[in-house]
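Counted the way UniProt numbering counts, the sequence shown spans residues 1 to 695.
Before any comments, here is the structure.
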Amino acid sequence: MSTDRIVHAACPHDCPDSCAIEVTVRDGVAIKIAGAAAHPPTGGVLCAKVNKYAERVYHPDRVLYPMRRVGKKGEGRFERATWDEALTDIAARLSDIAARDPNRIVPYSYAGTMGLVQGESIAARFFNRIGASRLDRTICASAGAEALRLTFGAGVGMDMEQFANAKLILLWGTNAIASNLHLWTRVQQAKRDGATLVAIDPYASDTAQKCHRHLAIQPGTDAALALAMIHVLVRDDLLDHDYIAQHTIGFDGLAERAQKYTPAYAAEITGLDAADIEWLATLYGEMAVRQQQPVAIRANYGMQRARGGANAVRAVACLPALVGAWRRPAGGFLLSTSGWFPVDRVALERPELLAGRTPRTVNMSVIGDAMLNLNDYADAPPVEAVIVYNSNPVAVAPESAKVAQGFAREDVFTVVLEHFQTDTADYADWLLPATTQLEHVDVVKPYGHAYIMSNEAAIAPMGECKPNTQFFRELAVRMGLDDACLQDSDEVLAQQAFNTRHPHAQGYVFEDVRKQGWMRLNIPAGDVAPFANGGFPTASGRCEFASTELAARGQDPLPDYVPPYESGLDSPLAARFPLSMISPPARNFLNSTFVNVTSLRNIEGVPALWLHPEDAGLRGIEDGSQVRVFNDRGSQQLQARVTARARRGVVVAPSIWWKKLSPDGRNANELTSQALTDLGRAPTFYDTRVEVEAA
Ligand SMILES: Nc1nc2c(c(=O)[nH]1)N[C@H]1C(S)=C(S)[C@@H](COP(=O)(O)OP(=O)(O)OC[C@H]3O[C@@H](n4cnc5c(=O)[nH]c(N)nc54)[C@H](O)[C@@H]3O)O[C@H]1N2
Ligand SMILES: Nc1nc2c(c(=O)[nH]1)N[C@H]1C(S)=C(S)[C@@H](COP(=O)(O)OP(=O)(O)OC[C@H]3O[C@@H](n4cnc5c(=O)[nH]c(N)nc54)[C@H](O)[C@@H]3O)O[C@H]1N2
Ligand code: SF4
Ligand SMILES: [Mo]
1 MSTDRIVHAA CPHDCPDSCA IEVTVRDGVA IKIAGAAAHP PTGGVLCAKV
51 NKYAERVYHP DRVLYPMRRV GKKGEGRFER ATWDEALTDI AARLSDIAAR
101 DPNRIVPYSY AGTMGLVQGE SIAARFFNRI GASRLDRTIC ASAGAEALRL
151 TFGAGVGMDM EQFANAKLIL LWGTNAIASN LHLWTRVQQA KRDGATLVAI
201 DPYASDTAQK CHRHLAIQPG TDAALALAMI HVLVRDDLLD HDYIAQHTIG
251 FDGLAERAQK YTPAYAAEIT GLDAADIEWL ATLYGEMAVR QQQPVAIRAN
301 YGMQRARGGA NAVRAVACLP ALVGAWRRPA GGFLLSTSGW FPVDRVALER
351 PELLAGRTPR TVNMSVIGDA MLNLNDYADA PPVEAVIVYN SNPVAVAPES
401 AKVAQGFARE DVFTVVLEHF QTDTADYADW LLPATTQLEH VDVVKPYGHA
451 YIMSNEAAIA PMGECKPNTQ FFRELAVRMG LDDACLQDSD EVLAQQAFNT
501 RHPHAQGYVF EDVRKQGWMR LNIPAGDVAP FANGGFPTAS GRCEFASTEL
551 AARGQDPLPD YVPPYESGLD SPLAARFPLS MISPPARNFL NSTFVNVTSL
601 RNIEGVPALW LHPEDAGLRG IEDGSQVRVF NDRGSQQLQA RVTARARRGV
651 VVAPSIWWKK LSPDGRNANE LTSQALTDLG RAPTFYDTRV EVEAA
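And the structure:
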């Protein structure tokens with residue numbers, strides 16, 4: 001008789017929630033995926049996507065064997081081969097290139113899994129050992145991360161569980177219902193207890209629709225709104241003078257900077273009503289300072305995907321210190337909790353394997369230019385090999401035509417480790433089968449709560465799939481690299497992942513954590529305000545309105561409004577391309593993951609473009625008709641969804657579709673640009689102008 005076994009797993013996806021999962025296994029098959037009820041932040045609830053995780057794992061299209069390309073690059077025609085053939089060929093090709101110039105070998109990976117073991121552990125050691133190019137992993141959060149580092153000293157902020165107790169919550173550039181479900185649960189609880197919810201988002205997302213007020217801001221202009229709020233707080237003396245004096249740096253400069261950002265001036269930039277800006281600033285200041293109520297800001301990454309993205313995050317992050325919101329556990333600001341986790345990158349990645357070499361760095365957000373030797377990469381060493389794992393650059397990287405052209409180069413040797421034959425896999429010389437989270441061991445570092453999450457292998461690897469780590473271990477052997485650390489087991493790596501000398505991870509023992517599935521960091525839990533008495537992890541210990549680091553570099557130390565490249569209301573491009581376009585996460589996909597899971601794609605429908613009835617009317621576009629969206633970089637065909645949920649002048653393309661599952665084989669990144677943010681070297685996905693016409 002068979003007995004069911006419950007396995008503790010952790011959701012691997014790039015989502016702030018990092019849910020605890022219980023997998024029921026019968027006769028070696030995962031028959032049920034459910035949330036773990038005892039996990040405090042996620043409480044037994046999984047999102048619609050990961051409820052379908054088994055459908056993804058047992059999907060008939062899983063890549064199960066090593067596949068060798070037989071067609072032209074991009075055609076996606078492969079034949080089955082053996083691991084021995086694949087490893088022999090890859091070892092020979094990489095050894096040859098490395099002997100000439102290892103800079104010509106480029107790793108490309110991101111957060112397909114947030115597991116620290118299947119992410120940058122053995123892979124990083126391998127690339128360090130051969131001296132390959134380094135990858136600047138900027139595609140998601142580096143502008144915001146840089147902003148937090150400059151302002152708070154690290155990616156730290158409120159405890160998500162405290163949002164339930166806030167009385168005013170600003171949901172600023174976050175569609176929490178889609179992409180931060182368990183935060184949303186707390187927000188709803190707060191709403192039931194009388195909290196006021198305000199969304200700041202260019203379109204009426206599912207989340208914005210459920211808030212009391214929605215301010216539909218022009219994309220890329222958040223810094224102007226934040227500075228106008230600061231203007232009002234200073235003008236009306238809605239300030240916590242004690243907190244400012246004791247725990248911040250640079251107030252006088254900030255107040256002066258905010259002088260010119262009157263609500264009327266910010267209204268011209270943001271497209272909001274001056275009266276609404278006054279209302280928001282006054283509400284925020286009055287509640288925090290006069291009524292001593294907890295006021296919280298949940299910012300997410302939406303606002304940092306335009307040219308001035310880092311400055312926008314810096315300006316917003318100044319608000320809670322000005323009004324003393326940090327004094328209360330349910331007050332303050334949250335963008336990321338990454339900085340609470342003492343990940344031991346040195347132990348995981350072993351930079352000493354570089355042995356004094358200093359490889360060049362490739363910014364993943366401009367992989368198109370890097371592979372075509374354009375712009376900043378005109379004089380760079382040509383790319384001769386790319387090893388892709390945990391990412392789908394042909395679908396997710398900006399200015400996709402260039403990315404595809406780069407990957408189509410016949411003289412680039414391309415290896416892709418994948419679960420599925422993605423848009424990127426179509427360009428692989430070798431497409432190699434990778435295990436999913438149900439098939440390997442890992443440990444996950446979340447960015448939305450404060451629990452280390454362990455993951456057990458619930459089932460045996462499907463087909464001939466291997467964990468990423470195993471691929472790199474075996475490749476190292478084939479290449480004659482005999483460093484012992486290139487053979488560390490996944491369990492050993494999971495133990496090395498956190499610095500146990502750091503107080504936050506003291507007592508971390510992977511073997512113990514894996515028994516329960518999680519361990520809370522040693523940081524105060526419950527009703528504690530982390531920065532009530534200052535103690536920010538900056539060098540000064542204060543919240544830095546004026547950054548000492550930027551000042552030392554001779555740069556403007558204060559946040560300012562940095563106009564978008566394209567999406568500004570006064571953009572010169574507006575004459576030819578009157579519409580700004582954003583392509584935020586679709587609720588039923590996770591970036592480009594899950595697009596090929598039929599049940600989820602069916603809920604999402606077809607690739608669509610939301611546009612305001614007036615914008616549609618001007619162009620003779622009807623709801624449900626096919627439209628062509630275009631700019632100088634490319635074009636894409638989408639189905640029009642005519643709705644006042646889109647702001648006038650802003651079109652919305654929920655993303656990220658697989659190109660090959662879209663009507664014309666293209667997705668939103670055909671339109672996006674490779675221009676980078678003010679700080680953090682990040683992409684500007686939501687700083688894009690287009691025109692739309694009936695197809
Ligand atoms: N369902 C689902 N969940 C996801 C993802 C997914 O693809 N699908 N992706 C995951 C990943 S990788 C990440 S990084 C996070 C992303 O997390 P978030 O950045 O929170 O993404 P969204 O939840 O879409 O929220 C972004 C919101 O910002 C809005 N926005 C766009 N431009 C601007 C702007 O200039 N200013 C302001 N104020 N708002 C703007 C968008 O319309 C959108 O509603 O979500 C993660 N979770
Ligand atoms: N237009 C537009 N473009 C965007 C965004 C947007 O909002 N709009 N968002 C951006 C953001 S925030 C991000 S984070 C990036 C995301 O970009 P990516 O990090 O590339 O994320 P995914 O598209 O989910 O692709 C991850 C791939 O990794 C694979 N994978 C998962 N686990 C494993 C594993 O264990 N081993 C191996 N070998 N493979 C694995 C999955 O099958 C999947 O194909 O996209 C960015 N691109
Ligand atoms: S994608 Fe996010 S909400 Fe869904 S199960 Fe994973 S961590 Fe939880
Ligand atoms: Mo992301």
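Note that beta-carbon positions come from the ideal geometry of N, C-alpha and C, so glycine has one too.
Check: residue i C-beta below 8 Å from any heavy atom of ligand 3
{"i": "residue 42", "result": "yes"}
{"i": "residue 50", "result": "yes"}
{"i": "residue 543", "result": "no"}
Contact under 9 Å by Cβ, residue i with residue j
{"i": "residue 404", "j": "residue 396", "result": "no"}
{"i": "residue 679", "j": "residue 150", "result": "yes"}
{"i": "residue 391", "j": "residue 371", "result": "no"}
{"i": "residue 16", "j": "residue 507", "result": "no"}
{"i": "residue 296", "j": "residue 243", "result": "no"}
{"i": "residue 374", "j": "residue 315", "result": "no"}
{"i": "residue 54", "j": "residue 90", "result": "no"}
{"i": "residue 483", "j": "residue 348", "result": "no"}
{"i": "residue 446", "j": "residue 114", "result": "yes"}
{"i": "residue 230", "j": "residue 215", "result": "no"}
{"i": "residue 649", "j": "residue 579", "result": "yes"}
{"i": "residue 583", "j": "residue 422", "result": "no"}
{"i": "residue 137", "j": "residue 677", "result": "no"}
Contacts around residue i, its chain only, beta-carbon distance under 6 Å, and the 5 residues preceding and following it disregarded
{"i": "residue 56", "result": "597"}
{"i": "residue 425", "result": "416, 418 and 431"}
{"i": "residue 164", "result": "186, 189 and 190"}
{"i": "residue 557", "result": "546, 547, 550 and 551"}
{"i": "residue 304", "result": "143, 144 and 313"}
{"i": "residue 106", "result": "133, 362, 383 and 386"}
{"i": "residue 95", "result": "479"}
{"i": "residue 438", "result": "30, 57, 458 and 459"}
For residue i, the first and last residue of its enclosing alpha helix (DSSP H)
{"i": "residue 185", "result": "181-192"}
{"i": "residue 406", "result": "400-407"}
{"i": "residue 440", "result": "First-last for residue 440: undefined, no H or E at that position."}
{"i": "residue 235", "result": "222-235"}
{"i": "residue 311", "result": "309-323"}
{"i": "residue 617", "result": "613-618"}
{"i": "residue 83", "result": "83-100"}
{"i": "residue 603", "result": "598-604"}
Near ligand 1: residue i beta-carbon under 8 Å from a heavy atom
{"i": "residue 656", "result": "yes"}
{"i": "residue 649", "result": "no"}
Proximal residues to residue i (C-beta, below 7 Å), its chain only, five neighbours per side dropped
{"i": "residue 351", "result": "128"}
{"i": "residue 212", "result": "196, 197 and 198"}
{"i": "residue 544", "result": "150, 151, 249, 250 and 538"}
{"i": "residue 162", "result": "329 and 330"}
{"i": "residue 267", "result": "273, 274 and 277"}
The beta strand (DSSP E) enclosing residue i, as first and last residue numbers
{"i": "residue 466", "result": "From DSSP, residue 466 is part of no beta strand (DSSP E); its letter is neither H nor E."}
{"i": "residue 304", "result": "First-last for residue 304: undefined, no H or E at that position."}
{"i": "residue 430", "result": "430-433"}
{"i": "residue 32", "result": "29-35"}
{"i": "residue 74", "result": "First-last for residue 74: undefined, no H or E at that position."}
{"i": "residue 170", "result": "168-172"}
{"i": "residue 586", "result": "From DSSP, residue 586 is part of no beta strand (DSSP E); its letter is neither H nor E."}
{"i": "residue 518", "result": "518-520"}
8 Å Cβ shell around residue i - same chain, five flanking residues per side excluded
{"i": "residue 177", "result": "184, 205, 206, 207, 210 and 587"}
{"i": "residue 50", "result": "11, 13, 19, 21 and 33"}
{"i": "residue 271", "result": "216, 217, 218, 221, 569, 647 and 649"}
Residue i CB to nearest heavy atom of ligand 4 below 8 Å
{"i": "residue 132", "result": "no"}
{"i": "residue 301", "result": "yes"}
{"i": "residue 522", "result": "no"}
{"i": "residue 139", "result": "yes"}
{"i": "residue 505", "result": "no"}
{"i": "residue 14", "result": "yes"}
{"i": "residue 111", "result": "yes"}
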